[in-house]
Amino acid sequence: MPSRIIEWIDQRFPLTSFVKHDLTDYPTPRNLSYWWNFGFLAGIVLVLQVATGIFLAMHYKADVALSFDSIQHIMRDVNYGWLLRYMHATGASAFFFVIFIHMARTLYYGSYRAPRELLWWTGQGLLLLLMATAFMGYLLPWGQMSFWGATVITNLFRATPFIGDQVVIWLRGDYTVGDATLTRFFALHYLFPFLIIGGVLIHLVALHSVKSSNPSGIDLAAKDNIPFHPYFTIKDLYGLGVFLIVYSMFVFFLPDSLIEPANNIPANPMQTPNHIVPEWYFLPFYAILRSVPNMVGGVVAMGLSVMMFAFMPFLDRSRIPGGARFRPFYRLQYYLFLLDMLVLGYVGYVHPTDQTILVGQIATLCYFASFFFVPFISKMEERWLIKRGLPAEVMTLMQSESLEIEKRKSKHSRRNGVKS
Amino acid sequence: MNAFLKVALLCSFSVYAWGSEVKLEKVALENDVPAIERGADTLMNACHSCHSMKYIKYRDLLTFGMNKQKVDGWRGDQSLDAPLLAQMSESDALLSFAKVPPDLSLMTRARDGGVNYLYSYLLGYYTTAEGVTGNHIFPETKMPDPLGISGAAAPAQRAEIQGQARDIVSFLAWAADPHEAERIRLGYYVIAYLMVLTALLYFVKKQIWSRLK
Chain A
1 MPSRIIEWID QRFPLTSFVK HDLTDYPTPR NLSYWWNFGF LAGIVLVLQV
51 ATGIFLAMHY KADVALSFDS IQHIMRDVNY GWLLRYMHAT GASAFFFVIF
101 IHMARTLYYG SYRAPRELLW WTGQGLLLLL MATAFMGYLL PWGQMSFWGA
151 TVITNLFRAT PFIGDQVVIW LRGDYTVGDA TLTRFFALHY LFPFLIIGGV
201 LIHLVALHSV KSSNPSGIDL AAKDNIPFHP YFTIKDLYGL GVFLIVYSMF
251 VFFLPDSLIE PANNIPANPM QTPNHIVPEW YFLPFYAILR SVPNMVGGVV
301 AMGLSVMMFA FMPFLDRSRI PGGARFRPFY RLQYYLFLLD MLVLGYVGYV
351 HPTDQTILVG QIATLCYFAS FFFVPFISKM EERWLIKRGL PAEVMTLMQS
401 ESLEIEKRKS KHSRRNGVKS
Chain B
1001 MNAFLKVALL CSFSVYAWGS EVKLEKVALE NDVPAIERGA DTLMNACHSC
1051 HSMKYIKYRD LLTFGMNKQK VDGWRGDQSL DAPLLAQMSE SDALLSFAKV
1101 PPDLSLMTRA RDGGVNYLYS YLLGYYTTAE GVTGNHIFPE TKMPDPLGIS
1151 GAAAPAQRAE IQGQARDIVS FLAWAADPHE AERIRLGYYV IAYLMVLTAL
1201 LYFVKKQIWS RLK
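Residue numbers (this note's numbering), protein chains in the order written: chain A, 1 to 420; chain B, 1001 to 1213.
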């Protein structure tokens, strides 16, 4: 009977072929390390955020006079409302934590390189959507930090040429952050996760067309690819268990560690808090914003700092596979870059003094310099590595890859020749 | 770039060393019902005339396990479902202090330093040589010394006031997060469950991967 039902469905919908193509026959490199778990984890966190968020929205009131009280209603009176809210608030941090590791893995192993550029760029788009969603969600509790954070960030759009003031009013729906801002942020905060789900589907379609990269950076022969199910479903589930333990520790024992105390004071447009800080995941970018003395320059630098990662497929000109694994200079650069991010995060967190501003400016310079020098260093490193001699398997791949590139080039020029 | 980063790191560490604020006294809270009830009692006498706790209802105190007679005494003829609003109206408070005293429901979570800040603040009053009362922790405060610590010289009296401050802070910490005890209890179960589940998943993973040659 079940086989007949499946047959009935298969004649109308590609169920079996879908399961085959994307799960039971989907070839996955068997040497993937646990760093490859984080994409799956990001998907699970997205589901958790949507699920808790929908239930929170049933009890939340988007109205400047009611929203702060409605959060307290959720925390005190709604059955397990405190659990929903802490899961959602911790989930936002968990989402960024998982995504940052996911990105760091891509950068370390050079997974953004051909043919995975579109995969990387769709991911970049998802990061922007995630940042927008998190930013708008942070306004909803209508605490002091919510209000002043939204005020500071929407104010940045004054840097838009010619129509800056109008853009800010258009975004806020008012001259200041107020009821109109709160209701539209709530509406968009509910909408954006669904755009993210759409983006994730595109990201997965791209992934399933180019397949996963792997730590060796070499496209593996068929014998080294294993089906996604059951090998990686179980590996991902085990990783999920570990992740959920850490997540639960924050949800149940340290839920306030990620909430600024000032956000437990209702928003007061007449009183600026001593110290306006964004959530931890925005700190490095916020430090870059503050490091540029000119406001327009700061906004441009901050925007660029988030977008720089998208240029990596063009900047990294080395054909040595395996990312940082076989490339000592790139590896050094990678770790220095992570260190620089930590310094920027710290600078973004503290109250600005002359010293921290200077540190922030140096760190900002290092941030952009590390991207700027990638093309030169990667080319030099490639020459140096080839002179020094690479492992045989890496050499073989490089030769086949350069052939590919030559083929593509000649195809391109031929096509252009026909056109002209 | 490496050298720059080293300088940057060194600078940031030295900045960190400067960033010390007023030192807060550490308070060890008690979260049993008698201590929190004592705290509520002191708060009703010393704070409640000016400060409200609008997210707490009298019924919440009963549900938590406080003495029914005490709660009835505090609420007078108000309903059990009435919130703990200040005895003084906000307009009267504005007239007397030029500022409405803040609501205390979330106070332990609305200040950097949390419970330690509140405890230190309550005990931070002192009398200057000119006979004016000041506060070490929050010098701009408009609140008069509620527990009378600035006038207490005898060690026994000071110890008693410290106990009162601890009880008040214990009560406020409960009020700011009434589900805390339940949350922590549930947390142990959830994490224990997840650990067993993860261990099982690990063994299943090993089992499945062992099929590969």
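Virtual Cβ for every residue (Gly too), placed ideally from N, Cα, C.
Query: Straight-line gap, ILE320 (chain A) to ASP219 (chain A) (C-alpha atoms, nearest Å); Result: 13 Å
Query: CB of TYR1119 (chain B) within 8 Å of CB of VAL1071 (chain B), strictly; Result: no
Query: Length of the line joining the Cα atoms of GLU1160 (chain B) and LYS1023 (chain B); Result: 22 Å
Query: Minimum Cβ-Cβ distance from GLY1065 (chain B) to chain A less than 8 Å; Result: no
Query: Heavy atom of the ligand ZN within 7 Å of LEU1186 (chain B) beta-carbon; Result: Annotation note on the ligand ZN: not contained in the displayed structure, which lists no ligands.
Query: CB contact flag (ASP10 (chain A), PRO227 (chain A), <8 Å); Result: no
Query: Spatial neighbours of PRO14 (chain A) in its chain, beta-carbon cut-off 8 Å, leaving aside the 5 residues before and after; Result: none
Query: Reduced DSSP category for GLN1083 (chain B) - H, G, I as helix; E, B as strand; rest coil; Result: First, the residue type needs correcting, since residue 1083 (chain B) is Pro and not Gln in the sequence shown. Note: PRO1083 (chain B) maps to strand in three-state DSSP.
Query: Proximal residues, the segment 1177-1191 of chain B versus chain A, C-beta separation under 7 Å; Result: PRO1178, HIS1179, ARG1183, ILE1184, LEU1186, GLY1187, VAL1190 and ILE1191
Query: 8 Å Cβ cut-off: residues of chain A touching ALA1110 (chain B); Result: PRO261, ALA262, ASN264 and ILE265
Query: Same chain only: Cβ atoms within 6 Å of ILE436 (chain A), ignoring 5 sequence neighbours per side; Result: Any answer about residue 436 (chain A) is impossible in this case: the structure gives chain A only from 1 up to 420.
Query: Assigned exposure category for LYS1026 (chain B) - 16 Cβ within 10 Å defines buried; Result: exposed
Query: Interface residues of chain A facing VAL1209 (chain B) [CB-CB closer than 7 Å]; Result: The sequence as given places Trp at residue 1209 (chain B); Val does not occur at that position. Residues of chain A passing the Cβ test: TYR231.
Query: Whole-angstrom distance between GLU260 (chain A) and VAL1015 (chain B), CA atom to CA atom; Result: Residue placement at VAL1015 (chain B) is flagged as unreliable, the pLDDT there being 38, under the threshold of 50; the coordinate-derived value follows with that caveat. Straight-line Cα distance between these residues: approximately 22 Å.
Query: Segment contact flag, the segment 271-287 of chain A with the segment 347-364 of chain A, C-beta cutoff 8 Å, min 3 pairs; Result: yes
Query: Beta carbon proximity, LYS379 (chain A) to chain B, threshold 8 Å; Result: no
Query: Through-space distance from TYR1188 (chain B) to ALA1199 (chain B), alpha-carbon basis; Result: 16 Å
Query: GLY178 (chain A) and VAL64 (chain A) closer than 8 Å at C-beta; Result: yes
Query: Best match in A:LEU118, A:SER400 and A:ILE153 for proximity to ALA134 (chain A) [C-alpha to C-alpha]; Result: A:ILE153
Query: Selection from A:PRO273, A:TYR231, A:SER17 and A:THR122 that minimises the alpha carbon distance to VAL200 (chain A); Result: A:THR122
Query: Host beta strand (DSSP E) of LYS1057 (chain B) (start-end); Result: 1053-1057
Query: Close Cβ partners of ALA94 (chain A) (< 7 Å) along its chain, the five nearest in sequence each way excluded; Result: VAL45 and TYR247
Query: Min CB distance VAL45 (chain A) to chain B below 8 Å; Result: no
Query: Contact list for TYR1202 (chain B) against chain A, beta-carbon separation under 7 Å; Result: TYR238
Query: Separation of GLY39 (chain A) from TYR1202 (chain B), as counted between CA atoms; Result: 19 Å
Query: Minimum Cβ-Cβ distance from VAL19 (chain A) to chain B less than 8 Å; Result: no
Query: Cα-Cα separation, VAL359 (chain A) to PHE97 (chain A); Result: 25 Å
Query: Residues of its chain near ALA104 (chain A), where Cβ-Cβ distance is below 8 Å and the 5 sequence neighbours each way are ignored; Result: LEU338
Query: Selected residue, minimal CA-CA separation from PRO230 (chain A), among A:ARG4, A:VAL19 and A:MET1; Result: A:VAL19
Query: is_contact[GLY241 (chain A), chain B] using C-beta, thresh 8 Å; Result: yes
Query: Segment contact flag, the segment 1132-1145 of chain B with the segment 1067-1087 of chain B, C-beta cutoff 8 Å, min 3 pairs; Result: no
Query: Below-8 Å beta-carbon distance, TYR1055 (chain B) vs any chain A residue; Result: yes
Query: Sequence-distant residues of its chain with Cβ nearer than 8 Å to LEU195 (chain A) (five each side left out); Result: LEU129
Query: Chain B contact for GLN11 (chain A) (CB, 8 Å cutoff); Result: no
Query: Complete alpha helix (DSSP H) runs within the segment 130-189 of chain A (minimum length 4 residues, chain order); Result: 144-155 and 164-172
Query: Neighbourhood of ALA206 (chain A) by C-beta distance below 7 Å, restricted to the same chain and skipping five residues each side; Result: LEU118, LEU119 and THR122
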